[in-house]
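Protein chains in written order, with full-length UniProt numbering: chain A, 1 to 243; chain B, 1 to 243. Every residue gets a Cβ at the ideal spot worked out from N, C-alpha and C, and that includes glycine. Note sheet for the following structure.
Number of protein chains: 2
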Amino acid sequence: MNKIYVIGIGPGNYEQMTMAAVQALEESDTIIGYTVYVDLVKDRFPGKEFLTTPMTKEVDRCVMAFEEAAKGKTVSMICSGDAGVYGMAGLMYEVGAGYPDTELQIIAGVTAANAGAAVLGAPLIHDFCLISLSDLLTPWEKIEKRLRLASEADFSIVLYNPSSKKRADYLQKACDLMLESKSPETVCGIVFNIGREGEGSRIMTLAELRDTKVDMFTTVFIGNSQTRNLKGKMVTPRGYRNV
Amino acid sequence: MNKIYVIGIGPGNYEQMTMAAVQALEESDTIIGYTVYVDLVKDRFPGKEFLTTPMTKEVDRCVMAFEEAAKGKTVSMICSGDAGVYGMAGLMYEVGAGYPDTELQIIAGVTAANAGAAVLGAPLIHDFCLISLSDLLTPWEKIEKRLRLASEADFSIVLYNPSSKKRADYLQKACDLMLESKSPETVCGIVFNIGREGEGSRIMTLAELRDTKVDMFTTVFIGNSQTRNLKGKMVTPRGYRNV
């Protein structure tokens, strides 16, 4: 039985990787990933074979992993954050249906929601949702519906892929939908380059967020009705009762 | 300026801790937490002072951390999973308002949603929500509303605190609410004792989940309309289009 590790390497800095991820990478002959992620780990694991495919070539990347494993190599497929959150773990199982002799082991990592929350303070203490604004594989109507219903339910919301060149106004559109149920004073935060050079964050209101430009390396946090700005930290209480 | 680390130690096993968490614990004089979590790390960090308070004494535990830090000690407050997800990070900021000379550094960890997803396969590849069924600090009506709206929006849903002695029928009630919008054939999974002795999982339909008993060490996963059972793994595709 061949084995492939599918590894979430965390937000980017080596220190935020789990020890299980490091062990699996050390055990591996070949490490495969999107070019940017491979560059994040390359220096830490000398002597390994590194293979990359560009963005949008995800199926090719999975096939590559299974083909390398079939040669008897120990292979790791790496993703930033957690491989199970908008990551490669799902596609690896789908492509893996054609490779019954290869077993997958998923190694969880710290996703941008959790790493970014730690930078902002404690915005995700209570119930929350993750929503990606990318409509490459999901109809925009579906994304709209989720933004509306999640706001109506007073969830804290984390937005992944809030912007790209083709989708420059999507964050603004998303804010307008959330503003149908959430107050313009709702405490929000953005974190950019989490765990990487140039890491930074800002706290603002939902009304301000609506008119803020962000790039694809930014994760966006929208509080629930109880979220407060406590001395510059975004903090959501444990519940709705004062105990 | 005194400093306290607020650390998510991950699901329980040492290997799923991040290296940043280990470094902070090694730097600490005093490690504070709920008894069960302290027992998970005690053997790995000999020579440290360990202080505990029982469950429900969370405010006392925070005060204890600030008081110890005020003595000039380096203090770590530990939580299982991620300190920012139903954890102590928020309360530490709230209590910390009374201790302006102490700075907090939050160190993110792998929460049960991500660690459990890795055991089940890849259930959280697309948009998802976390909902706690504990009504200790949140009115049940609010929880009901979130379950209903999250189901209507076709989110994958992760349930924390799905059961306790006093709330034996809450998972059943939650399933009935989700069944208003989700198909009884929706693929679901449960993971128990994640990262600890006796770890295990089961995949089933939402109709079957409704009649399943779980304990407080179980995390429950409900798929979206696209989630499939692929050879015993719970897998959610990346979107709604076949690309």
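Own chain, CB closer than 7 Å to residue i, minus 5 neighbours either side, in chain order
| i | result |
| --- | --- |
| GLN23 (chain A) | none |
| PHE50 (chain B) | ILE31, VAL38 and LYS42 |
| VAL243 (chain B) | Residue placement at VAL243 (chain B) is poorly supported in this model, since its pLDDT is 43, which falls under 50; the coordinates are not used for a value here. |
| GLN226 (chain A) | THR236, PRO237 and TYR240 |
| TYR14 (chain B) | ARG44 |
| ILE106 (chain A) | VAL6, ALA83, GLY84 and ALA89 |
Closer than 8 Å to chain A by CB, residue i
| i | result |
| --- | --- |
| ARG146 (chain B) | yes |
| GLN172 (chain B) | no |
| THR186 (chain B) | no |
| PRO46 (chain B) | no |
| THR219 (chain B) | no |
| ARG61 (chain B) | no |
| ASN2 (chain B) | no |
| MET19 (chain B) | yes |
| ILE190 (chain B) | no |
| THR138 (chain B) | yes |
| SER132 (chain B) | yes |
| GLU15 (chain B) | yes |
| SER225 (chain B) | no |
| ALA153 (chain B) | yes |
| ARG241 (chain B) | yes |
| ARG238 (chain B) | yes |
| CYS175 (chain B) | no |
| ALA168 (chain B) | no |
| TYR86 (chain B) | yes |
| THR102 (chain B) | no |
CB contact flag (residue i, residue j, <8 Å)
| i | j | result |
| --- | --- | --- |
| THR102 (chain A) | GLY96 (chain A) | yes |
| LYS173 (chain B) | ILE222 (chain B) | no |
| THR74 (chain B) | ASP29 (chain B) | yes |
| VAL235 (chain B) | LEU171 (chain B) | no |
| VAL6 (chain A) | MET55 (chain A) | no |
| SER144 (chain B) | LEU179 (chain B) | The question names Ser, but residue 144 (chain B) in the sequence shown is Glu. No, the Cβ-Cβ distance between GLU144 (chain B) and LEU179 (chain B) is not below 8 Å. |
| SER80 (chain A) | GLY189 (chain A) | no |
| residue 252 (chain A) | TYR99 (chain B) | The first residue shown for chain A is 1 and the last is 243, placing residue 252 (chain A) beyond what the model contains. |
8 Å CB neighbourhood of residue i in its chain, flanking five on each side removed
| i | result |
| --- | --- |
| GLU58 (chain A) | MET88 and LEU91 |
| MET64 (chain B) | ILE32, LEU51 and THR53 |
Spatial neighbours of residue i in its chain, beta-carbon cut-off 6 Å, leaving aside the 5 residues before and after
| i | result |
| --- | --- |
| MET17 (chain A) | ILE9 and GLY10 |
| THR53 (chain B) | ASP60 and ARG61 |
| LYS3 (chain B) | GLU103 |
| PHE45 (chain B) | LEU25 |
| GLU68 (chain A) | THR30 and VAL75 |
Chain B contact for residue i (CB, 8 Å cutoff)
| i | result |
| --- | --- |
| GLU27 (chain A) | no |
| SER80 (chain A) | no |
| THR30 (chain A) | no |
| TYR93 (chain A) | yes |
| ALA118 (chain A) | yes |
| PHE66 (chain A) | no |
| ILE222 (chain A) | no |
| GLY232 (chain A) | no |
| ASN114 (chain A) | yes |
| GLY98 (chain A) | no |
Opposing strand residues paired with residue i [DSSP bridges]
| i | result |
| --- | --- |
| VAL6 (chain A) | A:MET77 and A:ILE106 |
| TYR34 (chain B) | B:THR53 |
| SER156 (chain A) | A:PHE128 |
| GLY189 (chain A) | A:ILE203 and A:PHE221 |
| GLY121 (chain B) | B:MET234 |
Short CB-CB distance (under 8 Å) between residue i and chain E
| i | result |
| --- | --- |
| GLY10 (chain B) | The chain inventory of the structure shown lacks chain E, comprising the protein chains A and B. |
The segment 148-165 of chain A contacting the segment 110-117 of chain B, beta-carbon criterion three pairs below 8 Å
Counting Cβ pairs under 8 Å, fewer than three are found: no touch.
Taking contact to mean 3 or more Cβ pairs, one atom from each stretch, closer than 8 Å, check whether the segment 142-154 of chain A and the segment 140-158 of chain B are in contact.
In the pairwise beta carbon analysis, the segment 142-154 of chain A is classified as touching the segment 140-158 of chain B: at least three pairs are separated by under 8 Å.
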